[in-house]
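What follows is a set of notes on a single structure, which appears directly below.
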Amino acid sequence: MFLEEYDVIVVGAGHAGCEAAAAAANLGSKTLLVTMSLQNIAQMSCNPAMGGIAKGQIVREIDALGGYSGIVSDKTAIQFKMLNKSKGPAMWSPRVQSDRMRFSEEWRLMLEGTPNLDFYQEMVKGLIIENGKIRGIRTALGIEIKSKSVVLTNGTFLNGLIHIGEKQFGGGRAGESAAYGITEDLVNAGFQSGRMKTGTPPRVDGRSLDYSKMNEEKGDAKPDKFSYSDITSPLIHQRSCHMTYTSLDVHNILREGFDRSPMFNGRIQSLGPRYCPSIEDKINRFADKERHQLFVEPEGWNTCEVYVNGFSTSLPEDIQFKALSSVAGFEKVKFFRPGYAIEYDYFPPTQLKHTLETKLVEGLYFAGQINGTTGYEEAASQGLMAGINAALKVQEKAPLILKRDEAYIGVLIDDLITKGTEEPYRMFTSRAEFRTLLRQDNADLRLTPLGYEIGLASLDRFEVVKSKDIDYQRVIKIMRETSFSPEEVNPWLEEIGTDPIRQKLRMINILTRPQVGLFDMISNVESVRNLIGAVSNDPEVIEQAEINVKYEGYIEREFDLAQKMNRLEDVRIFDDLNYDEVKSLSAEGRQKMAKIRPKTLGQASRISGVSPADISILMVHLGR
């Protein structure tokens, strides 16, 4: 069946696997995507949504590099929201509600339209490893498929165990079987493994809900989109979500089932996601709260299936039903399926290099939940980077490694391989120390040149970014050089409730006022409209210019800090450095660095337990 050797084999077709397969194939590598079900490609296993705080930035970064997630999200969105708009632009995060079925379909169609990509449906049972190198995979039917590299994106399927109350059964997702064999091969090869837990809420029949008792949550009046390409458009029509609350009555009903909950009776030993706790965890940890928000999210344009965001649970199904029936608007609720928890194998990511290649086996890459992360966006970005680097390695080209000041993706990967994780890791804006530089609005300027350089982003995309950069610089130049007389702008300034000017003032000085926005200025001051319009009418260009002017001081400060930090990144540490020979290192610092094997002083400085004194000592040892 498989007579030829592939360049890249991707195991698993979730968000990580799809991005990995697309990236490797688009870089010219002969690629095979193997999955247990070709009908479940890019499944949204949990909530039907993409983006969110920091996650939206990641989706835009994936798109800027030439990945597919942004395009698929735009094409299948039913609602768009820019979150945190009341805060500074470093916090703005795009998010869409998605049509679950359309999302999966669009991903499959895009992958089928990708050259160099083959598909095969079967369980992967084992790995072929020879002399510390990956040579291919072995399927459940005993078929051996040879490959120069393998990307594992197994999600929650590795020895997956589903919990509903006191019931347990093997599975990687509701209605799908678990995968067996890979964990054992990896452990035999010397890898350390662990167990993690995640959960999902019940799915219910929207026809049985009373929306009049809930708050309507509409999308943005002027929706944006994820992708920088011109093949997608902002939504014209949107579907509303709704919000309701739990109550003390609901909490008391839930407590009735605690003795049968795998969370509390010891059946589940592994740690779940801190930032997406189950409803039973929330009422246990926050016993003082009388209610919790529930977001009622439609699963698509036409389906009546509804996702109850905030009600993730593994309690017995009868308790789930009784409690949810006591929520306002859910009195007559009908279940499609109950919520459940799932335990699965993961491999601590400190066993990886920055390329996501494993340290133990050459040519083997891990991406997604196998690395201890949670979230579609986190998985997709890792898949993209693993697919890129697997293809580049086969082609004997330099790897693509994103720094912490270049992308949220860089922060994510560096955190994983340097610090590891003992609970499902998700991205937040607070994890990025250079978040003013890493905004959602400038991902294309930051990353599309890199995507084009490696051959993933198209020439057209690159030319658009170059043109955008030129226009944006010209708009900023106009703002710096143009002055206005009091007669020109005072009527408008007084109208918006800010002090009039007494003498000629540069446009940039007027714009730094918090009440003044560039879009409003263009709409209300004719000379501004004419000046800016002669350069660009692109809202992205105008918004970006305004952000850079208003936050110039913060941006410059962060840029200077990033430059200083990068000096540490430039100091390489020998791969064979014997830390026992470095005198005066603290015992913890020596132990942690010997385990992680940091590549640079910068990476060493971010290892938990390594002190500034350890870095100084190491710097002296390296002759710096």
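Under my numbering, the first residue of the sequence shown is numbered 890, with each subsequent residue one higher. Heads up, the beta-carbon is just placed ideally off N, CA and C, and yes, glycines get one too. Please read these numbers as outputs of a predicted model, since none were measured by experiment.
Where does residue i sit, in a helix, a strand or coil, going by DSSP?
{"i": "G1031", "result": "coil"}
{"i": "C1130", "result": "strand"}
{"i": "I1359", "result": "helix"}
{"i": "V1185", "result": "strand"}
{"i": "A1005", "result": "Reading the sequence as shown, one finds Asn at residue 1005 and not Ala. In this structure, N1005 counts as coil in the three-state DSSP scheme."}
{"i": "K970", "result": "strand"}
{"i": "M939", "result": "strand"}
{"i": "R1369", "result": "helix"}
{"i": "M1085", "result": "strand"}
{"i": "E1011", "result": "coil"}
{"i": "I1506", "result": "helix"}
{"i": "A905", "result": "helix"}
{"i": "Y1314", "result": "strand"}
{"i": "S1425", "result": "coil"}
{"i": "F1224", "result": "strand"}
{"i": "P983", "result": "strand"}
{"i": "Y1468", "result": "helix"}
{"i": "L998", "result": "helix"}
{"i": "H1243", "result": "coil"}
{"i": "R1062", "result": "strand"}
{"i": "G1025", "result": "strand"}
{"i": "Y1235", "result": "strand"}
Buried or exposed: where does residue i fall if 16 or more other Cβ atoms within 10 Å of its Cβ makes it buried?
{"i": "Q1158", "result": "exposed"}
{"i": "M890", "result": "exposed"}
{"i": "H1131", "result": "buried"}
{"i": "E1186", "result": "buried"}
{"i": "K1453", "result": "exposed"}
{"i": "H1052", "result": "buried"}
{"i": "K1171", "result": "buried"}
{"i": "Y1100", "result": "exposed"}
{"i": "L1241", "result": "buried"}
{"i": "F969", "result": "buried"}
{"i": "L998", "result": "exposed"}
{"i": "V1013", "result": "buried"}
{"i": "I1168", "result": "buried"}
{"i": "I1120", "result": "exposed"}
{"i": "L1273", "result": "buried"}
{"i": "G1386", "result": "exposed"}
{"i": "P1487", "result": "buried"}
Just to confirm before moving on: does the CB-CB distance between residue i and residue j stay below 9 Å?
{"i": "P833", "j": "T1263", "result": "The chain is shown from 890 up to 1513; residue 833 falls before or after that span and cannot be answered."}
{"i": "A953", "j": "Y1117", "result": "yes"}
{"i": "V1222", "j": "D1094", "result": "yes"}
{"i": "V899", "j": "T920", "result": "yes"}
{"i": "F1236", "j": "F1224", "result": "no"}
{"i": "I1277", "j": "K1086", "result": "no"}
{"i": "Y1233", "j": "L1041", "result": "no"}
{"i": "E1055", "j": "R1156", "result": "yes"}
{"i": "S982", "j": "L972", "result": "yes"}
{"i": "G1261", "j": "G1044", "result": "no"}
{"i": "I1365", "j": "A1275", "result": "no"}
{"i": "E1267", "j": "L1160", "result": "no"}
{"i": "I1506", "j": "V1471", "result": "yes"}
{"i": "R1335", "j": "L1348", "result": "no"}
{"i": "G1108", "j": "S1129", "result": "yes"}
{"i": "T1215", "j": "S1136", "result": "Reading off the sequence shown, one finds Ser at residue 1215, where the question assumed Thr. Yes."}
{"i": "L1016", "j": "L1245", "result": "no"}
{"i": "A1067", "j": "L1047", "result": "yes"}
{"i": "A1212", "j": "T1133", "result": "no"}
{"i": "L1450", "j": "F1323", "result": "yes"}
Quick test of your reading: residue i and residue j, contact by CB under 8 Å. State the CB separation rounded to the nearest angstrom.
{"i": "D963", "j": "F1115", "result": "5 Å"}
{"i": "I1431", "j": "I1444", "result": "Rounded, the Cβ-Cβ distance is 17 Å, inconsistent with contact."}
{"i": "A912", "j": "A1280", "result": "7 Å"}
{"i": "N936", "j": "N1198", "result": "6 Å"}
{"i": "L916", "j": "I1343", "result": "7 Å"}
{"i": "S1201", "j": "M1152", "result": "About 11 Å separates the two Cβ atoms, so there is no contact after all."}
{"i": "E1065", "j": "N929", "result": "7 Å"}
{"i": "A938", "j": "R984", "result": "6 Å"}
{"i": "K1357", "j": "E1429", "result": "7 Å"}
{"i": "G1340", "j": "G945", "result": "About 18 Å; that fails the 8 Å criterion."}
{"i": "A1332", "j": "E950", "result": "5 Å"}
### Task
Tell me, please, whether the segment 1173 to 1182 touches the segment 1055 to 1071 by the rule of three or more beta-carbon pairs shorter than 8 Å.
no
### Message
I'd like to know if the segment 1449 to 1465 and the segment 1486 to 1500 are in contact, where contact means that at least 3 CB-CB pairs between them fall below 8 Å.
### Response
yes
#### Entry: the segment 1185 to 1204 / the segment 984 to 995 touching (three or more Cβ pairs under 8 Å)
yes
#### Entry: Cβ pair count under 8 Å reaching 3, the segment 1030 to 1039 against the segment 1088 to 1106
no
### Task
Report yes or no: do the segment 1288 to 1298 and the segment 1379 to 1392 share at least 3 C-beta pairs separated by less than 8 Å?
no
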